[in-house]
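Trainee: Protein chains in written order, with our numbering: chain A, 2 to 595; chain B, 34 to 116.
Heads up, the beta-carbon is just placed ideally off N, CA and C, and yes, glycines get one too.
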Ligand SMILES: Nc1nc2c(ncn2[C@@H]2O[C@H](COP(=O)(O)OP(=O)(O)OP(=O)(O)O)[C@@H](O)[C@H]2O)c(=O)[nH]1
Ligand SMILES: [Mg+2]
């Protein structure tokens with residue numbers, strides 16, 4: 002089979018082009034280093050199946066960060082028919098350097114100058130014929146985001162594939178030797194790129210006057226985070242209520258009549274196990290879609306790089322840098338890709354410390370638990386503040402953790418980060434991103450959440466003659482055993498079972514609670530409100546926030562960190578901290594008479 | 034004492050003279066456009082000794098003051114010209 006790889010500097014639109022070309026769902030965002038691993042898809046080009054590979058971005062052929070190593074290993078081991086080099090047309094003054102280096106790889110090149118729209122707005126004129134002649138490879142201008150000249154790009158791709166039917170491996174020598182290309186680069190740029198003498202201030206320049214203002218910058222950042230929270234909370238909770246209502250009615254109208262004649266055990270398994278467990282989790286679908294929509298807007302706007310600029314002074318005092326904080330923000334969606342995102346850091350210690358703090362980020366799975374419990378136990382006026390407080394606490398605890406462990410993970414990595422222009426996401430992109438998040442959530446709900454719910458049902462119902470979730474069941478006995486740990490932090494046995502399953506993934510917690518209390522989403526909130534006082538609820542929330550987010554996070558830290566001490570630390574430290582914080586909270590609250 | 038990027042007054046156009054950094058760092062900086070002969074300008078400085086925003090050619094980058102102090106520059110005497 003033929004193979005084509007997309008090569009280029011970070012943030013040049015490789016993944017955008019890849020998605021448009023193959024219809025695949027590579028993650029896209031206006032941040033250098035969104036793609037940190039290989040992604041491939043197969044399509045029909047020039048009458049043949051072709052494997053297209055989307056690579057992470059590289060600044061040169063000699064980089065040593067993990068994402069750059071991925072590219073290097075790929076090129077060293079996988080032969081290709083063609084390398085498609087994607088450059089940002091408005092930054093050719095530096096990006097053409099990669100074209101000169103890539104020529105040394107000895108593999109046919111097709112050069113696509115992306116973001117033609119931005120280059121045109123800046124008044125940059127590019128002489129593609131001269132570039133073709135000087136580089137000896139075909140060159141095309143296009144806009145992958147808007148699809149402009151996409152046909153011409155594909156045509157060039159097919160022509161190049163026909164011209165180079167044989168697979169070829171890159172010449173490894175190119176990674177070793179350092180070319181002195183400065184002269185050649187200057188000549189190339191001066192002969193092919195024509196720039197107006199004075200570029201007037203752009204929209205980005207004017208926006209940054211405000212967003213990066215010396216003393217307004219941070220307040221604006223806090224305001225933006227608060228607005229995001231308000232949007233997700235304000236729109237998400239009524240939607241979730243609607244889903245609860247819907248599932249409650251479906252249960253009464255369809256499920257109950259359908260299972261009425263089944264034997265008692267099977268009926269309980271289907272209604273109180275599968276249906277209650279899963280439907281409770283599924284009520285969060287709109288919130289999740291909304292949340293990832295908001296995340297996609299932020300990620301694609303270009304604001305994240307500004308955040309790194311704004312917070313670096315503070316983060317450097319914690320032994321981290323501005324990028325680490327951006328990873329924490331990405332972690333609010335899901336911790337796993339955020340941990341993968343640390344691949345752009347070269348210092349192992351900086352990466353390790355960042356990986357240690359990311360799991361404190363209140364991810365969307367924990368958000369589900371918190372939304373459910375806060376709206377159940379607290380009044381509508383208090384609930385959003387409790388949730389907001391948990392967000393703030395998650396950042397504070399991450400910073401505290403960095404402060405405590407920075408001595409062990411000392412790093413001196415220079416911060417060097419591009420500040421891309423602000424960009425507006427297209428509607429097509431936003432739909433695509435939230436659809437992807439929704440699918441992932443559903444896949445989870447269809448897979449491990451079902452398994453978790455079934456297991457919880459079994460534990461709380463076996464032996465079958467015992468009272469469900471009573472002391473005689475497996476769950477009851479397990480809970481007895483856990484009592485010395487959870488009693489001091491005010492949590493009763495049944496809650497401990499839910500937390501135990503939460504170790505695997507937080508999405509299971511609410512489903513598990515539904516099964517444990519044998520209640521659908523609509524009644525569960527009332528039951529929780531009557532069983533938990535606000536101190537217990539708070540303790541449950543604090544513990545859930547701080548302890549292990551999920552098994553995948555731990556697995557990712559293990560795989561990325563390749564250091565068992567870090568893995569152990571990233572499990573043990575949050576567990577200790579969670580218990581300590583909950584214990585202190587409960588004891589102080591009780592002593593104060595609550 | 035040569036002038037370094039970290040001392041260059043905000044807004045003053047200058048040319049990069051030399052990078053006093055290790056090889057790997059130098060390559061990475063070159064990848065972002067920061068190499069001898071390029072026009073640079075400090076756009077803004079973040080408070081509390083935070084990083085600098087620097088425009089080099091058509092790219093804006095951020096870097097810390099300690100790293101900027103390893104980059105030697107000469108102010109441009111001619112009329113400010115943006116590359
Ligand atoms: N204006 C404009 N923006 C584009 C174009 N193509 C991509 N973008 C935007 O550029 C940003 C980066 O796009 P990606 O596709 O993630 O870039 P990438 O090269 O895969 O980046 P890394 O994976 O980080 O190396 C996103 O905000 C895209 O929406 C284009 O043709 N014009
Ligand atoms: Mg990408």
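Just list the beta strand (DSSP E) runs in the segment 377-422 of chain A, keeping only unbroken ones of 3 residues or longer that don't cross its boundaries, in chain order.
Mentor: Whole beta strand (DSSP E) segments, 3+ residues: 417-419.
Trainee: Put residue 72 (chain B) into one of helix, strand or coil per three-state DSSP.
Mentor: Three-state result, residue 72 (chain B): strand.
Trainee: I want to know whether the segment 522-531 of chain A touches the segment 240-256 of chain A - three or more CB-CB distances under 8 Å.
Mentor: Verdict: yes, contact present.
Trainee: Between residue 65 (chain B) and chain A, is any beta-carbon pair separated by less than 8 Å?
Mentor: Closer than 8 Å to some Cβ of chain A, the Cβ of residue 65 (chain B) qualifies, so yes.
Trainee: Beta carbon of residue 27 (chain A): closer than 7 Å to some heavy atom of ligand 2?
Mentor: The answer is yes for residue 27 (chain A).
Trainee: Closer than 9 Å by beta-carbon distance: list the chain A residues that pair up with residue 96 (chain B), in chain order.
Mentor: Correct list: 415, 416, 417, 418.
Trainee: Looking only at its chain, what residues have a beta carbon closer than 6 Å to the beta carbon of residue 94 (chain B), apart from the 5 residues adjacent to it on each side?
Mentor: The answer, listed in chain order, is 65, 87.
Trainee: Output needed for residue 237 (chain A): all residues of its chain with C-beta closer than 8 Å, excluding positions within five of it in sequence on either side, in chain order.
Mentor: Once the five neighbours on either side are set aside, the close Cβ partners of residue 237 (chain A) are 287, 288, 291, 292, 372.
Trainee: Measuring from the CB of residue 472 (chain A), is there a heavy atom of ligand 1 at a distance below 7 Å?
Mentor: Because no heavy atom of ligand 1 lies under 7 Å away, the Cβ of residue 472 (chain A) does not count as near it: no.
Trainee: Does residue 146 (chain A) pass the burial test, meaning 16 or more other C-beta atoms within 10 Å, or should it be called exposed?
Mentor: By the 10 Å Cβ count, residue 146 (chain A) comes out buried.
Trainee: By Cβ distance, which residues of its chain are closer than 6 Å to residue 74 (chain B), with the 5 residues on each side in sequence left out?
Mentor: Excluding residues within five positions, the ones whose Cβ falls inside 6 Å are 46, 88.
Trainee: So that I know if they touch, is there some Cβ in chain A lying closer than 8 Å to that of residue 57 (chain B)?
Mentor: Closer than 8 Å to some Cβ of chain A, the Cβ of residue 57 (chain B) qualifies, so yes.
Trainee: Relative to chain A, which residues along the segment 77-107 of chain B have a C-beta separation below 7 Å, given in chain order?
Mentor: Against chain A - using a Cβ distance shorter than 7 Å - the residues of the segment 77-107 of chain B are 77, 79, 80, 81, 82, 83, 84, 86, 90, 91, 92, 93, 94, 95, 96, 97, 100.
Trainee: Does the segment 68-82 of chain B come within contact of the segment 195-205 of chain A, defined as at least 3 CB pairs closer than 8 Å?
Mentor: Taking 8 Å as the limit for Cβ pairs, the verdict is that the segment 195-205 of chain A does not touch the segment 68-82 of chain B.
Trainee: Do the segment 348-363 of chain A and the segment 399-417 of chain A make contact, defined as three or more Cβ pairs closer than 8 Å?
Mentor: Contact between the segment 348-363 of chain A and the segment 399-417 of chain A is present, because at least three Cβ pairs lie under 8 Å.
Trainee: Please identify the residue among A:83, A:186, A:170 whose C-alpha is closest to the C-alpha of residue 139 (chain A).
Mentor: Of the listed residues, the one whose Cα sits closest to residue 139 (chain A) is A:83.
Trainee: So, with DSSP's three-state summary, where would you put residue 40 (chain A)?
Mentor: In the structure shown, residue 40 (chain A) sits in a strand (DSSP, three-state: E or B).
Trainee: Any heavy atom of ligand 1 closer than 7 Å to the Cβ of residue 12 (chain A)?
Mentor: Yes, ligand 1 has a heavy atom inside 7 Å of this Cβ.
Trainee: Along chain B, in chain order, which residues have C-beta atoms closer than 9 Å to that of residue 61 (chain A)?
Mentor: 60, 61, 63, 64, listed in chain order.
Trainee: Distance, Cα to Cα, residue 113 (chain B) vs residue 158 (chain A)?
Mentor: Bear in mind that a pLDDT of 49 at residue 113 (chain B), under 50, signals an unreliable position, so the model cannot answer this.
Trainee: Examine ligand 1 and report whether any of its heavy atoms sits within less than 7 Å of the Cβ of residue 103 (chain A).
Mentor: Not so, every heavy atom of ligand 1 lies at least 7 Å from the Cβ.
Trainee: Compare the C-beta of residue 68 (chain B) with all C-beta atoms of chain A and state if any pair is closer than 8 Å.
Mentor: It does: the Cβ of residue 68 (chain B) has a partner Cβ on chain A nearer than 8 Å.
Trainee: Taking residue 235 (chain A) as the reference, which of A:388, A:545, A:169, A:461 has the closest Cα?
Mentor: Ranking A:388, A:545, A:169, A:461 by Cα distance to residue 235 (chain A) puts A:388 first.
Trainee: Quick one: Cα of residue 31 (chain A) to Cα of residue 37 (chain B), how far?
Mentor: Spanning the two alpha carbons is a distance of roughly 30 Å.
Trainee: Quick one: which chain B residues come within Cβ less than 9 Å of residue 92 (chain A)?
Mentor: Within 9 Å Cβ-Cβ: 66, 90, 91, 92.
Trainee: Within 8 Å of any Cβ in chain B, is that where the Cβ of residue 482 (chain A) sits?
Mentor: No, residue 482 (chain A) does not count as interfacial toward chain B.
Trainee: Can you list the residues of chain B that residue 10 (chain A) reaches, using a CB-CB cut of under 8 Å?
Mentor: Residues of chain B passing the Cβ test: 64.
Trainee: Thinking just about the alpha-carbon of each residue, which of A:49, A:391, A:428 is nearest to the one in residue 545 (chain A)?
Mentor: Comparing Cα-Cα distances from residue 545 (chain A) to each of A:49, A:391, A:428, the minimum goes to A:391.
Trainee: Can you tell me whether DSSP reads residue 200 (chain A) as helix, strand or coil?
Mentor: Correct three-state label for residue 200 (chain A): coil.
Trainee: So is residue 326 (chain A) in contact with chain B if we call contact Cβ pairs under 8 Å?
Mentor: Judged by the 8 Å Cβ criterion, residue 326 (chain A) is not in contact with chain B.
Trainee: Would you kindly work out how many angstroms separate the C-alpha atoms of residue 303 (chain A) and residue 478 (chain A), rounded to a whole number?
Mentor: Each residue's alpha carbon lies about 52 Å from the other.
Trainee: Less than 8 Å between the C-beta atoms of residue 350 (chain A) and residue 397 (chain A), yes or no?
Mentor: Contact: no.
Trainee: Within 10 angstroms of the Cβ of residue 38 (chain A), are there 16 or more other Cβ atoms? Answer buried if so, exposed if not.
Mentor: The residue is exposed, with fewer than 16 neighbouring Cβ atoms inside 10 Å.
Trainee: Among residues of its own chain, excluding the 5 on either side of residue 218 (chain A), which ones have a beta-carbon nearer than 6 Å to its beta-carbon?
Mentor: These residues qualify, in order along the chain: 311.
Trainee: Listing by chain order, which chain B residues have their CB less than 9 Å from the CB of residue 176 (chain A)?
Mentor: Correct list: empty, because the minimum Cβ distance to chain B is about 12 Å.
Trainee: For the segment 301-317 of chain A, list every residue whose C-beta sits within 8 Å of some C-beta in chain B, in sequence order.
Mentor: Listed by position, the residues of the segment 301-317 of chain A near chain B (Cβ gap below 8 Å) are 306, 309, 310, 311, 313, 314, 315, 317.
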